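S.K.: If you're matching positions, the sequence shown starts at 53 in the working numbering and goes up one per residue. No residue lacks a Cβ here, since even glycine has one placed at the ideal position from N, Cα and C. Please read all numbers here as calculations on a predicted model, not as lab measurements. Here you go, one structure.
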Amino acid sequence: MKENAAPSTLPDAMVPRFWRDDTLPFVEARAVHDGRNVCYAKHTHDVFSIGVVTEGRCTYINERLRERIGVGSVVVINPGDVHACNPLDREAWSYRMLYVDVPWLAELQRQLGVTRDAQFRVFSTALSTRRELYGGFNLLHALLTSHTVDPLRKHCALLTFFGEVQRWLNPAPQPCSEHNHKLARAAEYIRENCTHALKLDEICAAAELSASYLIRAFKRCYGMTPHTYLIDRRVDYCRVQLRRGRTIAEVAIEAGFSDQAHLQRVFRQFMAATPGQYRRRA
């Protein structure tokens, strides 16, 4: 994973920050903390773009739309839309963006029933002030750009958020039946491989379910996302090993945690005790 800053003599707050992760090649994030010097000519992208204003105001142009927008605004830009966002009278303003590859989003739309042939369906909404959309975007952006969150959780969060985007901005029929036996197969696969660095695609293949369906249906069935279920199984694995008298550091690495400190944090969240406390009690 890498985060790049454009070489510049500008103050750090004015330097655009880009985030990319080789394990999630279909998405890119951008953040500008002080965009008073950010001035765009009208332009287009061949990706789908969505972003929010977090401070200040700007002028947003998208095709025939021209609006002054501020905090709480969400811009929705279809691939090929002619658009620009520029500051008002060089006022300071901050924004965050996500850029998503069209084939990935089109396939998600197909899985959700929005389309039948994996052809991207454009959004009719170019601007929204929906609170759930704004809040969900900011949570996702923070999650993606975090150095401590693993790729599986990020992938799940992307599917969840963009599934909600379809519901909020582009309603589609919901699946009418649960594949309980396939969900059980997914849970079994996670349990049996919980100490490995699992990928969402691997879980989906084991269950023979699409990623978007798995994320939503798994939580309905088990009360947690596949990622949370994986962490839960890892904690349980550690609990068993600690009861056998093994060292915390050894168990942490074996279970798939990055280090002992990582296990300490997660174990306490799930068990309301530290691994050391649990081990001594055992």
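Is the CB of Ile-121 under 9 Å away from at least one CB in chain B?
M.R.: Checking the listed chains, one finds no chain B in this structure; it contains a single protein chain.
S.K.: What would DSSP say about Trp-145, mapped onto helix, strand or coil?
M.R.: coil
S.K.: Nearest CA to the CA of Thr-247: which residue from Gln-316, Ile-283, Arg-109 and Ala-324?
M.R.: Ile-283
S.K.: Return helix, strand or coil for Thr-111, following the three-state DSSP convention.
M.R.: strand
S.K.: Taking just the CA atoms, how far does Phe-213 sit from Ala-313?
M.R.: 29 Å
S.K.: If you check the beta carbons only, do Thr-111 and Ile-102 fall under 9 Å apart?
M.R.: no
S.K.: Whether or not the segment 151-158 and the segment 175-192 are in contact is what I'm after, with contact meaning three or more pairs of Cβ atoms, one per stretch, closer than 8 Å; do they touch?
M.R.: no
S.K.: Cα separation between Val-318 and Ile-305?
M.R.: 13 Å
S.K.: At 4 residues or longer, and completely inside the segment 109-193: list those alpha helix (DSSP H) runs for me, N to C.
M.R.: 154-164
S.K.: With 16 as the cutoff for other CB atoms within 10 Å, does Val-134 come out buried or exposed?
M.R.: exposed
S.K.: Just to confirm, is the Cβ distance from Leu-195 to Val-201 under 9 Å?
M.R.: yes
S.K.: When we look at the beta-carbon of Met-149 and count the other beta-carbons within 10 Å, is it buried (16 or more) or exposed?
M.R.: Buried, by the Cβ-count rule.
S.K.: Just the Cα atoms here: how many angstroms apart are Ile-255 and Arg-286?
M.R.: 16 Å
S.K.: How many Å lie between Ile-300 and Pro-327 at the Cα?
M.R.: Each residue's alpha carbon lies about 7 Å from the other.
S.K.: If we ignore side chains and look at the alpha-carbon of each, how far apart do Asn-222 and Val-166 end up?
M.R.: 8 Å
S.K.: Determine the DSSP secondary structure at Arg-243, reduced to helix, strand or coil.
M.R.: helix
S.K.: Taking the alpha-carbon of Pro-68 as reference, which of Tyr-147, Glu-115 and Val-126 has the nearest alpha-carbon?
M.R.: Ranking the options by Cα distance to Pro-68, first place goes to Tyr-147.
S.K.: Are the Cβ atoms of Pro-278 and Asp-73 separated by less than 9 Å?
M.R.: no
S.K.: Should Gln-321 be labelled buried (16 or more other beta-carbon atoms within 10 Å of its own) or exposed?
M.R.: exposed
S.K.: Given that a residue counts as buried once 16 or more other Cβ atoms are within 10 Å of its Cβ, and exposed if not, what is Arg-331?
M.R.: buried
S.K.: Got a sec, what are the start and stop residues for the beta strand (DSSP E) Val-287 sits in?
M.R.: Counting along the chain, Val-287 falls outside any beta strand (DSSP E), though it belongs to the alpha helix (DSSP H) covering 278-295.
S.K.: Return the residue from the list Arg-237, Asp-253 and Leu-250 that minimises the CA-CA distance to Tyr-274.
M.R.: Arg-237
S.K.: Return the CA-CA distance between Ala-325 and Asp-288, expressed in angstroms with no decimal places.
M.R.: 13 Å
S.K.: Going by DSSP, what residue range makes up the alpha helix (DSSP H) through Phe-345?
M.R.: For the chain, the structure presents residues 53 to 334; residue 345 sits outside this window and is missing.
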